[in-house]
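First the structure, in the form of C-alpha cells, and then the observations on it.
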Ligand SMILES: Cc1ncc(COP(=O)(O)O)c(C=O)c1O
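Right under this line is the structure:
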C-alpha cells in the first residue's frame, strides 16, 4: 500500500463544515449566514492603530509569546474587569487567534490517552483539537431548549484519566451563557478530580437580556487550574487578523508557549500592537458592541420565526440555533443544501456540532454578525421558503 497518503491523524476528521459552507455560499451566490465573521468594517481607530504599527516598522517577529505591550494590556484588562491579578511575564501567551491558542493549549497541557470532556453541541474545532493532541473526547450533552446539562451526567464523565474539560461560554452554536451555579458545579468536579479547565470565552462581550459572563478562572480555587482563551476576532470584528491569547497559571504557560513557538513562532506583530490599543477602549466600546448585536439578534429571530423555523433564543454570541422540522426534510444536511442552492441562504447543518448526526437531524445554525443590507436580502430570499410539515 502506498505511503503517499495523509496521516492517520488527519484521516480521523473532516474538513470544517462551517468553512466549507462559506465556499458553497460563494459558489451559489447565497447570502452567507453560516460562518461567524462580520461583513461590516472593523472600527476605524483599531485599523489606524494597525496601520500606524506597520508605518513604525513593527514588521519583524514579536517575542514568541506576545509583544510586551499586548501582554501587559491583556493582564490590565483582565484585572480591571475581573479583579484577578495576571503576570504578563509568565501567564499570558499570545497566539494566532483562539484557534491556535486552543490547539497549542491542548498539545501543551494534555497527553496522548488523556480524556478531555467536551459539551455537545460543540464548536467543531474541539474534535480535531482532541484528535491531534491524542486525547480521547468524552461528550456531555447540553439539552435544548435551555441547553442545560444533567449534573449527574457531568459527574459521571470525570474519572482518573480526565485531564481537561473544555467550556465555551458564551457558547457557539447555542448562545448559552453558563450560569454561576453551572460553573460552580464544573469547578467542584475539576478540583475533585484535579482536572484542567480550558475555557473559550471569545464571545464574552456579546451578551443579551442582562446576562452576565462569569470567567471560570474567577471562581474560588480555579485560577490555578484554568486556561482562559480569548481573541480579537469577535470582540473587535477582525476575524482575519489572527490574534488570540491564553491566560493561564505559569506552569501551564510553559507548555503552551513551547508548542506555540514551534507551531507559528508568533502572531502578526503589527496587529498585536493594534490589539494592545483595542483592549484600552474600555466599557463603552463593549456596551456599544452588545447593543449593536441585540438589534440584529432580534431581527433574525423574528425573520426566522415568521418563516417557520423554531428558534432557540441566544443569551450571548452571535448565532441562532434553529429547529427545521417544519420544512419536512429528511435531515439537516439535505435541508442546508436546499437552502443554499434553491433559496440562496447559507447556514450550518446542526450535525457539524454533534458527534452523532442523528441528534442534529432537525437543527441548523445561522449567524447574525451581518450588515442590515445582508439581513434584508436574507429576508427577501427566506420569504420563498415553504413550510411543509
Ligand atoms: C467558540 C469559538 N472559538 C473559537 C473560534 C475561532 O476564533 P479565532 O478567530 O480567534 O481563531 C470561533 C469562531 O467562530 C468560535 O466560535
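Residue numbers (the numbering used here): 138 to 526.
Where is the CB? At the ideal position from N, CA and C, for every residue including glycine.
| Check | Outcome |
| --- | --- |
| In chain order, what are the residues with a CB under 6 angstroms from some non-hydrogen atom of ligand 1? | 173, 234, 235, 236, 260, 305, 309, 337, 339, 368, 370, 376 and 381 |
| Spatial neighbours of residue 521 within its chain, please: CB distance less than 7 angstroms, with the 5 preceding and 5 following residues excluded, ordered by chain position. | 480 |
| Figure out for me which residue from 177, 251, 303 and 290 has the closest Cα to the Cα of residue 263. | 303 |
| Could you check whether the region 239-248 touches the region 330-339, counting it as contact only if at least three pairs of C-beta atoms, one from each stretch, sit closer than 8 angstroms? | yes |
| Any idea if residue 298 is buried or exposed, counting beta-carbon neighbours within 10 angstroms, 16 or more meaning buried? | exposed |
| Among all the DSSP beta bridges, which residues are the ones paired with residue 346? | DSSP lists no partner for residue 346. |
| Spell out the partners DSSP gives residue 368 in its beta bridges. | 381 |
| Give the range of the beta strand (DSSP E) segment to which residue 339 is assigned. | Run containing residue 339: none; DSSP gives neither H nor E here. |
| I'd like the span of the alpha helix (DSSP H) that includes residue 136, first residue to last. | In this structure the chain extends from 138 to 526, so residue 136 is not present and cannot be described. |
| Taking residue 407 as the reference, give the member of 427, 186 and 503 with the closest Cα. | 186 |
| Excluding the five sequence neighbours on either side, which residues of its own chain have a C-beta within less than 6 angstroms of the C-beta of residue 339, listed in chain order? | 235, 367, 368 and 371 |
| For the structure I just gave you, are there three or more beta carbon pairs, one from the region 168-182 and one from the region 500-511, closer than 8 angstroms? | yes |
| Can you round the beta-carbon distance between residue 179 and residue 373 to whole angstroms, since I take them to be within the 8 angstroms contact cut? | 6 angstroms |
| CB residue 199 to CB residue 515, shorter than 8 angstroms? | no |
| Kindly list the residues whose CB is nearer than 7 angstroms to the CB of residue 221, restricted to its own chain and excluding five residues on each side of it in sequence; keep chain order. | 215, 354, 355 and 360 |
| Could you check the C-alpha separation between residue 149 and residue 265 for me, to the nearest Å? | 8 angstroms |
| Can the beta-carbon of residue 269 be found closer than 8 angstroms to that of residue 395? | no |
| CB residue 383 to CB residue 227, shorter than 8 angstroms? | no |
| With respect to the alpha helix (DSSP H) encompassing residue 327, which residues constitute its N-terminal and C-terminal limits? | 317-330 |
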